[in-house]
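Peer 1: Numbering (UniProt numbering), first residue to last: 1 to 480.
C-beta: ideal position from N, C-alpha, C; glycine also.
All values reported here derive from a predicted model rather than from experimental measurement.
There's a structure below that I have some questions on.
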Amino acid sequence: MPVAKPESSDSRVIAHVDMDCFYVQVEQRKQPQLRGLPTAVVQYNEWKGGALIAVSYEARKFGVKRSMRGEEAKEVCPQVQLVQVPVARGKADLSGYRNAGSEVVSILARRGRCERASIDEVYLDLTDAAEMMLADNPPQGMETIDEEALKSHILGLNNEDGNDVKENVRKWIHRHNADHRDKLLACGILIVAELRMQVLKETEFTCSAGIAHNKMLAKLASGMNKPAQQTVVPFSSVKGLLDTLPIRKMKQLGGKLGISLQMDMGVNTVGDLLQFPEEKLQERYGINTGTWLWNIARGISGEEVEGRLLPKSHGSGKTFPGPRALKTVPAVQHWLNQLCEELSERLCSDLDQNKRIAHTLTLHARAYKSSDSDSQKKFPSKSCPLRYGTAKIQEDAFNLFQAGLREYIGFYGGKTQGSHCSGWGITSLSVSASKIVPIPSGTCSIAKYFQGQSTSHFSSMQSSDNLNTEATLSLPSGSI
Ligand code: DCP
């Protein structure tokens with residue numbers, strides 16, 4: 001019998017799965033003697049013991065934090081084990097972490113539509129799997145509930161009757177009089193617990209998860225109880241959750257919009273937004289943002305889980321903080337060549353393994369001018385059609401850099417050639433490849449495909465008309 005599809009988005013079952021202290025777990029799998037010990041992964045640059053980029057939960061108990069350097073971590077926790085991130089081409093090599101993330105994705109994707117959101121985060125749409133479970137083997141009738149599922153945190157479930165917590169969770173899952181939405185979430189609890197156990201069994205990694213009716217709530221929930229736990233947001237608990245949730249906790253409200261809401265509208269929690277009519281929010285922030293704010297105040301988010309197991313883009317970048325800033329064009333070219341080499345390798349393996357090609361190459365940089373009245377001016381990001389082949393990518397990226405630099409310093413404002421200091425410094429560089437699409441099926445060979453694409457993939461980079469300016473300096477979202 002076909003499973004009836006509910007129309008309402010309240011009836012979806014969405015999970016957000018987030019690996020726990022991910023880089024640490026990957027290093028601990030390589031060196032099992034580190035398991036259970038306070039451990040941190042440090043960046044390539046060894047100054048003061050290197051910057052911490054991932055910290056194990058054992059180390060967090062001693063006060064070790066990601067913002068610290070290795071030396072500082074040793075002060076608060078002398079026994080902390082510091083593992084250096086793997087290095088290739090003079091920079092951090094994240095390929096081992098990316099591959100470990102792919103192992104996890106391939107397991108999670110077995111039960112529903114799966115969107116790889118970052119190197120260690122995944123969204124899952126489990127609606128169909130939950131509907132199916134409800135039709136075939138509903139949790140309400142199950143004699144035993146898996147231990148891992150019983151350890152779930154269900155928001156709004158209080159423990160007033162003195163039962164142990166697991167017993168209350170069991171009762172919640174078993175409720176016969178629950179509405180359809182909660183019954184689906186009960187299925188979600190079982191499916192996600194099972195998936196997390198499978199991930200642990202096959203990869204040795206633990207993860208945490210949030211389970212709710214939409215992506216926004218699932219993401220909020222996954223971070224609430226870590227490590228190795230799962231949190232559920234029943235529909236009836238949404239209001240309570242958002243009433244007290246500081247707006248800065250919402251990813252999109254961490255920047256200028258969040259500041260304006262606080263300063264101009266007196267909004268401190270997501271729930272505070274409820275007092276404003278949609279028109280008022282639209283008047284102040286524009287139609288789309290206004291409607292979006294009105295919706296998130298009510299826990300409404302229609303965002304779909306995109307079926308995407310592969311990254312949207314590839315990026316390779318490096319920072320050059322403080323005295324390491326690059327101050328000459330040859331120095332920039334040297335590092336651009338390294339970054340492009342890595343990017344080119346990743347593009348080739350994507351082409352090889354997934355038969356996908358990228359269409360756009362983008363260069364981002366952060367820069368400063370040493371004698372500058374206009375210190376707010378950002379280095380413009382530049383894009384051009386992507387041509388395959390390491391040397392071509394290097395050449396194009398360098399041209400993009402020069403175009404960006406001319407614009408940044410003004411055509412006559414500085415010396416862009418030669419090797420002596422020109423009054424500017426580059427503190428971060430990255431190249432990314434985006435607009436990645438599968439090669440059309442039926443293409444007889446990749447070489448033939450490229451011949452047919454000669455205008456976009458082998459185009460000349462002479463004209464600056466080819467260069468687009470983009471607003472952002474970071475890697476595109478979906479870059480893994
Ligand atoms: N990472 C990084 N630099 C940062 C933040 C993170 O290199 N500034 C890397 C290391 C992390 C991984 O990305 O292990 C995932 O980042 P998360 O923010 O998800 O944090 P963790 O997985 O380390 O810990 P948590 O258990 O808190 O999610």
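Return helix, strand or coil for residue 357, following the three-state DSSP convention.
Peer 2: In the structure shown, residue 357 sits in a strand (DSSP, three-state: E or B).
Peer 1: Excluding sequence positions up to five away, which residues of its chain have a Cβ less than 7 Å from the Cβ of residue 243?
Peer 2: Around residue 243: 269, 271.
Peer 1: Flag residue 56 as yes if its beta-carbon sits less than 7 Å from any beta-carbon of chain C, otherwise no.
Peer 2: The chain inventory of the structure shown lacks chain C, comprising one protein chain alone.
Peer 1: Could you check which residue in 394, 440, 304, 322 has the C-alpha nearest to that of residue 426?
Peer 2: Nearest C-alpha to residue 426: 322.
Peer 1: Using only the alpha-carbon positions, how far apart do residue 17 and residue 274 sit?
Peer 2: Rounded to whole angstroms, residue 17 to residue 274 spans 29 Å at the Cα level.
Peer 1: With distances taken from CA atoms, which of 213, 236, 214, 241 is nearest residue 224?
Peer 2: Taking only the C-alpha atoms, the option nearest residue 224 is 241.
Peer 1: Between the Cα of residue 387 and the Cα atoms of 410, 434, 405, which residue gives the shortest distance?
Peer 2: Of the listed residues, the one whose Cα sits closest to residue 387 is 434.
Peer 1: Could you check where the alpha helix (DSSP H) with residue 194 kicks off and where it finishes?
Peer 2: Run containing residue 194: 180-203, per the alpha helix (DSSP H) assignment.
Peer 1: Apart from the five residues just before and just after residue 48, which ones in its own chain have a Cβ nearer than 6 Å to its Cβ?
Peer 2: Around residue 48: 69, 71.
Peer 1: Throw me the rounded Cβ distance for the residue 73 and residue 22 pair, which I believe falls under 8 Å.
Peer 2: Not really, about 18 Å apart at Cβ, beyond 8 Å.
Peer 1: Indicate the three-state DSSP secondary structure (helix, strand or coil) for residue 315 in the structure shown.
Peer 2: If DSSP states are grouped into helix, strand and coil, residue 315 belongs with the strands.
Peer 1: Among 170, 155, 157, which residue has its Cα nearest to the Cα of residue 148?
Peer 2: Residue 170 is the option with its Cα nearest to residue 148.
Peer 1: Nearest by alpha-carbon distance to residue 367: which of 380, 356, 35 is it?
Peer 2: It is 380.
Peer 1: Can you grab the Cα-Cα spacing for the pair residue 62 / residue 77, in whole Å?
Peer 2: Approximately 6 Å, taken between the alpha carbons.
Peer 1: Residue 57 to residue 40, Cα distance in whole Å?
Peer 2: About 9 Å.
Peer 1: Does the structure place the region 335-348 close enough to the region 390-397 that three or more beta carbon pairs sit under 8 Å?
Peer 2: As far as the Cβ criterion goes, the region 390-397 touches the region 335-348, which means the pair count is three or higher.
Peer 1: Buried or exposed, going by whether 16 or more other CB atoms sit within 10 Å of the CB of residue 252?
Peer 2: Answer is exposed; the Cβ neighbour count stays below 16.
Peer 1: Within the present structure, is the beta-carbon of residue 205 separated from the nearest heavy atom of ligand 1 by less than 6 Å?
Peer 2: Answer for residue 205: no, Cβ out of range of ligand 1.
Peer 1: For residue 263, count the other beta carbons within 10 Å of its own beta carbon; 16 or more makes it buried, fewer makes it exposed. Which is it?
Peer 2: Exposed, by the Cβ-count rule.
Peer 1: With residue 233 and residue 155 assumed to form a contact (beta carbons below 8 Å), what rounded beta-carbon distance in angstroms separates them?
Peer 2: Contact holds; Cβ gap of about 5 Å.
Peer 1: Going along the chain, which unbroken runs of the beta strand (DSSP E) with 3 or more residues stay wholly within the region 94-163?
Peer 2: Those beta strand (DSSP E) runs which fall completely within the region 94-163 and span 3+ residues are 113-118, 121-125.
Peer 1: Keeping to the same chain, check which residues put their C-beta closer than 8 Å to that of residue 307; ignore five residues upstream and five downstream.
Peer 2: Excluding residues within five positions, the ones whose Cβ falls inside 8 Å are 113, 114, 115.
Peer 1: Do you know offhand how far residue 459's Cα is from residue 193's?
Peer 2: For residue 459, the pLDDT reaches just 36, beneath the cut-off of 50, and the residue's location in the model is therefore unreliable, although a value from the coordinates is still provided. Answer to the nearest angstrom: the Cα atoms are 50 Å apart.
Peer 1: Listed by chain order, which residues have C-beta atoms less than 5 Å from any heavy atom of ligand 1?
Peer 2: Those satisfying the condition are, in chain order, 20, 21, 22, 23, 53, 54, 120.
Peer 1: For residue 266, count neighbouring C-beta atoms within 10 Å of its own C-beta (all shown protein chains included) and say buried if the count is 16 or more, exposed if not.
Peer 2: Exposed, by the Cβ-count rule.
Peer 1: Out of 130, 153, 166, 157, state which residue places its alpha-carbon closest to the alpha-carbon of residue 144.
Peer 2: Here the closest residue by C-alpha is 166.
Peer 1: Are the beta-carbon atoms of residue 191 and residue 139 separated by less than 7 Å?
Peer 2: For residue 191 and residue 139, no; Cβs fall outside 7 Å.
Peer 1: Pull up the DSSP beta-bridge partners for residue 210, would you.
Peer 2: Bridge partners of residue 210: 16, 231.
Peer 1: Quick one: using the 10 Å Cβ neighbour count with 16 as the cut-off for buried, is residue 348 buried or exposed?
Peer 2: Exposed, since its Cβ has fewer than 16 Cβ neighbours within 10 Å.
Peer 1: Taking residue 105 as the reference, which of 439, 328, 362, 311 has the closest Cα?
Peer 2: Comparing Cα-Cα distances from residue 105 to each of 439, 328, 362, 311, the minimum goes to 311.
Peer 1: At the level of alpha carbons, what is the spacing between residue 327 and residue 437?
Peer 2: Roughly 37 Å separates the two Cα atoms.
Peer 1: Are the CB atoms of residue 81 and residue 42 nearer to each other than 7 Å?
Peer 2: Taking 7 Å as the Cβ cut-off, residue 81 and residue 42 do not qualify as a contacting pair.
Peer 1: Run the CB neighbour count on residue 441, radius 10 Å, all protein chains shown included, and call it buried at 16 or more, exposed below.
Peer 2: With fewer than 16 Cβ atoms within 10 Å of its Cβ, residue 441 is classed as exposed.
Peer 1: My parser needs the beta strand (DSSP E) runs of 3 or more residues fully inside the region 20-75; what are they?
Peer 2: If we require 3 residues or more, the beta strand (DSSP E) runs fully inside the region 20-75 come out as 39-42, 52-55.
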